[in-house]
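Each remark here refers to the structure printed beneath this line.
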Amino acid sequence: MRIDCKHVWQHISAYIDGEVDAALRADIDRHLETCEICSAVLDSTRNVVVLMADERVFELPVGFSERLHERLDRELELAGPS
Amino acid sequence: MKTPDPEFEAECIRRILAGERQLFHDLIRPSERAIYFLLLSLLRNEAEAEDAAQETAIKVYLNLKNFRGDSQFRTWVLSIARNEGLGRLRKQGTRREDSLDAGTDEQTGDYTPAILTSWREIPSEALERKELGALLREAIDALPGIYRNVVLLRDIEEMDIRETAGALGITEGAVKVRLHRARALLQRSLAPRLKGFVPKRRGLFGGRA
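So the sequences go chain by chain: S and E. Quick note, the first sequence lines up with residues 832 to 913 if you use the working numbering. Quick note, the second sequence lines up with residues 55 to 263 if you use the working numbering.
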């Protein structure tokens, strides 16, 4: 089936996650082969997704873990699970 | 993401409840990041999110014997974090533009992507990672709350759709819809500014050369 750009955009997120069925994936792939715009939309969306998963981009505040476990230590001394 | 290990968790919980309290540190550690970022997305304030994260960890500890094991441990932990965050928002009396508990996803809104044809053609000029992080955080912060939560758990913490749904108390269908819209909004605001920045990770453009 031939699908248009709007149709492709609707499924971009699911496509990136591998959540579209084989038939739809084939339609999208065929569209992407000839559509420069959708290829760029897909690549840019995928780039954003990849960047967000990069732990160096989203870091915990400095000392977060130390402070959390110090507080937990104080709490663990006070009470057991009730 | 650190992959949760249900057997390790179950063993840990059993031993903590039997008196080995110090093991709680190891039990909660793999969930720390997700707790913090979920709370940051709710509260939008680093100091407040950190304090709420500590409170969450303490509540998890005090309620450990109530964990039934019918959901993943981290899902349970994140629902406690979410309640902590929502409770604080209620206390602040924050009027929000969108209800975080909303279960409906109306069909309004424009999710048209930014059209650019030159994403791959411009040579990569290394954006400073710090600068990049600031850009991303700013764009995520500008998302409506119900989308921000989903993106945080799914794309930043890389939780799967089922776990994200469990942690947020929404259906898997709602996760998919919100994720799609969130990514579309992020692509639109970020793509023009990130033009030319190609993150290094294998297989990024693979599969359909």
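Don't be surprised by glycine CBs; every beta carbon is placed ideally from N, CA and C.
Annotated three-state conformation of His842(S) is coil, per DSSP. Per DSSP, the continuous alpha helix (DSSP H) segment holding Val229(E) begins and ends at 226-248. Burial check for Asp852(S): the Cβ neighbour count within 10 Å stays below 16, so the residue is exposed. Annotation for Ser870(S): Leu863 place their beta carbon closer than 7 Å to its own, counting only its chain and skipping 5 residues before and after. Against chain S, the beta carbon of Ile210(E) has neighbours under 8 Å at Met883, Ala884, Phe889, listed in chain order. Nearest C-alpha to Leu903(S) among Ala168(E), Glu138(E), Ala111(E), Arg128(E): Ala111(E).
By the Cβ-count criterion, Met213(E) is buried, with 16 or more other Cβ atoms from all chains shown falling within 10 Å of its own Cβ.
Residue burial annotation: Thr166(E) is exposed, with fewer than 16 other C-beta atoms found within 10 angstroms of its C-beta. Residue contact check for Thr865(S) against chain E: no CB pair falls below 8 Å. Sequence-distant partners of Leu233(E) (beyond 5 residues in either direction) whose C-beta falls short of 6 Å from its own C-beta, in its chain, are Val204, Arg208.
With a threshold of 8 Å between beta carbons, Pro84(E) makes no contact with chain S.
Here DSSP, grouped into helix, strand and coil, assigns Ala64(E) to helix.
Under a 10 Å Cβ-count criterion, Arg144(E) is classified as exposed, with fewer than 16 other Cβ atoms of the shown protein chains found around its own Cβ.
For Arg247(E), same chain residues with a beta-carbon under 7 Å away, outside a window of 5 residues either side, are Leu189 in chain order.
Taken in chain order, the members of the region 892-910 of chain S whose beta-carbon sits within less than 9 Å of a beta-carbon on chain E are Pro892, Phe895, Ser896, Arg898, Leu899, His900, Arg902, Leu903, Asp904, Glu906, Leu907, Glu908, Ala910. Under the three-state reduction of DSSP output, Ser125(E) falls in the coil class, being neither helix nor strand. The C-beta distance from Pro60(E) to Gln126(E) rounds to 7 Å, short enough to fall under 8 Å. With the rule of 3 Cβ pairs closer than 8 Å, the region 94-109 of chain E does not count as touching the region 71-85 of chain E. Residue environment for Gln241(E): buried (at least 16 other C-beta atoms within 10 angstroms of its C-beta).
Rounded to the nearest whole angstrom, the C-alpha separation of Ala196(E) and Ala238(E) is 13 Å.
Around the Cβ of Gln76(E), a 10 Å sphere holds fewer than 16 other Cβ atoms; the residue is exposed. Using beta-carbon distances, Leu197(E) does not count as an interface residue toward chain S, since no partner is under 8 Å.
Here Gly894(S) is exposed. Its C-beta has fewer than 16 other C-beta atoms within 10 Å.
Within the region 837-851 of chain S, the residues whose Cβ lies closer than 9 Å to some Cβ of chain E are Lys837, Trp840, Gln841, His842, Ile843, Ser844, Ala845, Ile847, Asp848, Glu850, listed in chain order. Take the alpha-carbon of Glu192(E) and the one of Tyr90(E): they are about 17 Å apart. Per DSSP, Cys869(S) is one residue of the alpha helix (DSSP H) stretching across 867-883.
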